[in-house]
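Peer 1: Here's a structure for you.
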Amino acid sequence: MAQRMLQFVKRDREMPEKRSVDVRREDFHEIYAEFAERKAEEQAARCSQCGIPFCQTHCPLHNNIPDWLKLTAEGRLEEAYEVSQATNTFPEICGRICPQDRLCEGSCVIEQSGHGTVTIGAVEKYITDMAFENGWVKPIRPKAERPERVAIIGAGPAGLAAADALRRRGFQVDVYDRHDRAGGLMTYGIPGFKLEKPVVMKRMEQLRDGGVSFRLDCEIGRDHSFAALQKQHDAILIATGVYKARELQAPGVGLNGVVRALDYLIASNRKGFGDSVPAFEDGTLNAEGKNVVVIGGGDTAMDCVRTAVRQGAASVKCLYRRDRANMPGSQREVQNAEEEGVEFVWLSIPKAFFGENRVNKVRIGKMRLGPPDVTGRQAPEEIPGAEEDAPCDLAIEALGFEPEELPRLWGVEGLEVTRWGTVKADFRTKRTSLPGVYAAGDIVRGASLVVWAIRDGREAADAIAAELDAKAADKGAAAVAAE
Ligand SMILES: Cc1cc2nc3c(=O)[nH]c(=O)nc-3n(C[C@H](O)[C@H](O)[C@H](O)COP(=O)(O)OP(=O)(O)OC[C@H]3O[C@@H](n4cnc5c(N)ncnc54)[C@H](O)[C@@H]3O)c2cc1C
Ligand code: SF4
30 MAQRMLQFVK RDREMPEKRS VDVRREDFHE IYAEFAERKA EEQAARCSQC GIPFCQTHCP
90 LHNNIPDWLK LTAEGRLEEA YEVSQATNTF PEICGRICPQ DRLCEGSCVI EQSGHGTVTI
150 GAVEKYITDM AFENGWVKPI RPKAERPERV AIIGAGPAGL AAADALRRRG FQVDVYDRHD
210 RAGGLMTYGI PGFKLEKPVV MKRMEQLRDG GVSFRLDCEI GRDHSFAALQ KQHDAILIAT
270 GVYKARELQA PGVGLNGVVR ALDYLIASNR KGFGDSVPAF EDGTLNAEGK NVVVIGGGDT
330 AMDCVRTAVR QGAASVKCLY RRDRANMPGS QREVQNAEEE GVEFVWLSIP KAFFGENRVN
390 KVRIGKMRLG PPDVTGRQAP EEIPGAEEDA PCDLAIEALG FEPEELPRLW GVEGLEVTRW
450 GTVKADFRTK RTSLPGVYAA GDIVRGASLV VWAIRDGREA ADAIAAELDA KAADKGAAAV
510 AAE
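Residues 30 to 512 (this note's numbering) are what the sequence shown spells out, left to right.
See the structure below:
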């Protein structure tokens, strides 16, 4: 099959004039679909049904992986999809962007025995893509409408997973987001080459079609007060994510051309949607032809370096203060970036940026790993005098994110936060210190993963539904007693 695809591509290159573009696209689609199906079935059949599903335990949603792999291997795709969607609100998204090497695939028994993991994520993506293509994805049609309204602040995966679960139970759901499109970081953070935006938008359409009401371009605390939301709704879910960028401290950071990771990624994603982005068009947030230096070792940094490569940067360097073994980002992503030509400068920090008005050079200081600190992790320390200069026309700060100060921004003193600024919420029920107010996703955990946000959103929805059911039952009992 792979050979047939290669032959197809070769013929296509050698004789482009022989066939019309549409026919070629159709052929390609057909052959690719056949290839993907064969691949998914092959991979699914590799599952040994070991009886100790470590993969399932290590999936934050405890997806019933062995069962849907078995059904896929038998060609029973619709049933496989039914099993997979029972525990995951957005399987097509997790299949694409979960760091599977750290989750399900990392604990696959076949991987552990040295034979290479079953590609669980790819199969999950495939069966859900097939489900959409074949119309197996059911629209949201609640059995009965409920009068209670729930406000969800934040249209990221946590808020949307809750919106989906609550709407299916018939509650009226209003989702507020300060962006013009829903999806949170799935839409504007994660690059399109990892998560195609039409895939995310399809889910938004499904939610809208199912009766979820979206109030976009609406920032709580600016366009609408939290107190007003409390008056208008029976429950509130805070799912605002974490957006305060950690700042780099070095001379020259104020120069033009030293930019924040999320500004850079949002601009790139907006261009992917076809939006006009002045800061991209004037070159401020466009890496084309530039010597790019990304600072940070997490997944956001990996997304920046790989986006810069795709924009046609002249060179891309990634500076990280620890070594490869101690970086927080996925090793798979580092490998991908290296294959694409990114240079990783381990054990290094930017000491200063130079330029007249725009940055044109960075001074790189060398580091070494010192003795372990209280956490047991070796702390990086500077090697005195070890410095070198490198050309740099675009520096991207990707040092991570912290929560915004919600109680101050929203004027709600009673909302308790941790010392890191994340909202305090019960581990299981997601209840906060305010009655009827819940919180889920990154705003509770700190910067995390889409799959954890989905789990939190689903759990919050269960708790909100239980509270509203109990209130409705009390009301009913009171009404009977009054008769
Ligand atoms: C660059 C980048 C790449 C990533 N890549 C991956 C990946 O490959 N795989 C993975 O699993 N995870 C990845 N993550 C992490 C993942 O995206 C997050 O953990 C996840 O999106 C958190 O979901 P959430 O719903 O809690 O918050 P978010 O997705 O951040 O959504 C929060 C929403 O709330 C809105 N909001 C905030 N404040 C307000 C307000 N006051 N009023 C109205 N709306 C508001 C925001 O506009 C946003 O839409 C990545 C993160 C980044 C930054
Ligand atoms: S949701 Fe993520 S961790 Fe769970 S099975 Fe899918 S890809 Fe693996």
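Here a beta-carbon is modelled for each residue, glycine too, at the ideal position from N, C-alpha and C.
1) Reducing DSSP to helix, strand and coil, say where Val52 ends up.
2) Cα-Cα, which of Ala468, Trp439, Leu195 is closest to Ala581?
3) Could you pull out every residue in the same chain whose Cβ sits closer than 6 Å to the Cβ of Val52, ignoring the five residues on either side in sequence?
4) If you drop the 5 nearest sequence neighbours on each side, which residues of the same chain put their C-beta closer than 6 Å to that of Gly486?
5) Which residues mark the beginning and the end of the alpha helix (DSSP H) in which Arg460 is found?
6) DSSP beta-bridge partners for Tyr349?
7) Strictly closer than 6 Å from CB to any heavy atom of ligand 2: give me those residues in the order they appear in the chain.
8) Find out if the Cβ-Cβ distance for the pair Pro128, Glu153 is shorter than 8 Å.
9) Along the chain, where does the beta strand (DSSP E) containing Pro120 start, and where does it finish?
10) Give me the Cα-Cα distance between Asp193 and Arg170, rounded to the nearest whole angstrom.
11) For ligand 1, any of its heavy atoms closer than 7 Å to the Cβ of Cys137?
12) Just how far apart, CA to CA, sit Val452 and Ala502?
13) To the nearest angstrom, report how far apart His87 and Gln235 are at their CA atoms.
14) Is the beta carbon of Gly124 sitting closer than 8 Å to the one on Ala151?
15) So, are the CB atoms of Gly370 and Val338 less than 8 Å apart?
16) Can you list, in chain order, the residues of its chain whose CB lies under 6 Å from that of Met19, leaving out five sequence neighbours each side?
17) What distance in whole Å lies between the Cβ atoms of Ile265 and Val466, which are believed to be in contact at a cut-off of 8 Å?
18) Check whether chain D comes within 8 Å of Thr458, counting only Cβ atoms and requiring the distance to be less than that.
19) Using a Cβ-Cβ cutoff of less than 6 Å, which residues in the same chain neighbour Asp246 once the five nearest sequence positions on both sides are dropped?
20) Rounded C-beta distance between Asp471 and Ser477? I'm assuming under 8 Å.
21) Give the secondary structure of Leu277 by DSSP, where H, G and I count as helix, E and B as strand, and everything else as coil.
22) In its own chain, which residues sit with a C-beta less than 7 Å from the C-beta of Val334, not counting the 5 before and 5 after it?
23) Return the chain-ordered list of same chain residues with a C-beta closer than 8 Å to the C-beta of Val50, the five sequence neighbours on each side being excluded.
24) Please return the same chain residues whose Cβ sits closer than 8 Å to the Cβ of Ile295, not counting the five positions on each side in sequence.
25) Less than 7 Å separating the Cβ of Pro513 from some heavy atom of ligand 1?
26) Considering only residues of the same chain and omitting the five flanking positions on each side of Glu134, which have a CB-CB separation below 8 Å?
27) Which residue marks the beginning of the alpha helix (DSSP H) containing Gly505, and which one marks its end?
28) Would you identify the three-state DSSP class for Asn163, choosing helix, strand or coil?
29) Exposed or buried, Ser136, counting other C-beta atoms within 10 Å across all chains shown (16 or more means buried)?
30) Helix, strand or coil, according to DSSP, for Ala211 in the structure here?
31) Looking at C-alpha atoms only, which residue of Ala499, Gly475, Cys79, Ala494 is the closest neighbour of Thr269?
32) Keeping to the same chain, check which residues put their C-beta closer than 8 Å to that of Leu314; ignore five residues upstream and five downstream.
33) Decide if Ile182 is buried, meaning its Cβ has at least 16 other Cβ atoms within 10 Å, or exposed.
34) Taking the straight line between their C-alpha atoms, what separation do you get for Ala507 and Val179?
35) Tell me whether His262, by its Cβ, gets closer than 7 Å to a heavy atom of ligand 1.
36) Count the other CB atoms within 10 Å of the CB of Gln261; is the residue buried (16 or more) or exposed (fewer)?
Peer 2: Result, derived from the coordinates:
1) Interpretation of Val52 is limited by its pLDDT of 48, a score under 50 that renders its predicted location unreliable; the figure taken from the coordinates is listed afterwards. It is helical.
2) The structure shown has nothing for residue 581, since the chain only spans 30 to 512.
3) Low local confidence applies: a pLDDT of 48 at Val52 is under 50, so the model's placement there is unreliable, with the coordinate-based value given in what follows. Excluding positions up to five away in sequence, the list is empty.
4) Ala187, Ala190, Ala191, Ala469
5) No alpha helix (DSSP H) holds Arg460; DSSP gives it neither H nor E.
6) Partner(s): none; Tyr349 has no beta bridge.
7) Cys88, Leu90, Asn92, Ile94, Asn117, Cys123, Gly124, Cys127, Gln129, Leu132, Cys133, Ile149, Gly150, Glu153, Val480
8) no
9) Premise fails: Pro120 lies in the alpha helix (DSSP H), 120-126, not in any beta strand (DSSP E).
10) 11 Å
11) no
12) 30 Å
13) 29 Å
14) yes
15) yes
16) Outside the shown range of the chain (30 to 512) lies residue 19, about which nothing can therefore be said.
17) 5 Å
18) In summary, chain D is missing from the structure at hand, where a single protein chain is found.
19) Asp209
20) 6 Å
21) coil
22) Val323, Val345, Cys347, Ala366, Val371
23) Residue confidence for Val50 is low, a pLDDT of 47 falling below 50, so the modelled location carries little weight and cannot support an answer.
24) Tyr217, Gly218
25) Nothing can be reported for residue 513, as the shown portion of the chain is limited to 30 through 512.
26) Cys84, Glu140, Thr146, Val147, Thr148, Ile149, Gly150
27) 479-511
28) coil
29) buried
30) coil
31) Gly475
32) Val288, Asp292, Tyr293, Ala296, Ser297, Val306, Ala308
33) buried
34) 23 Å
35) no
36) exposed
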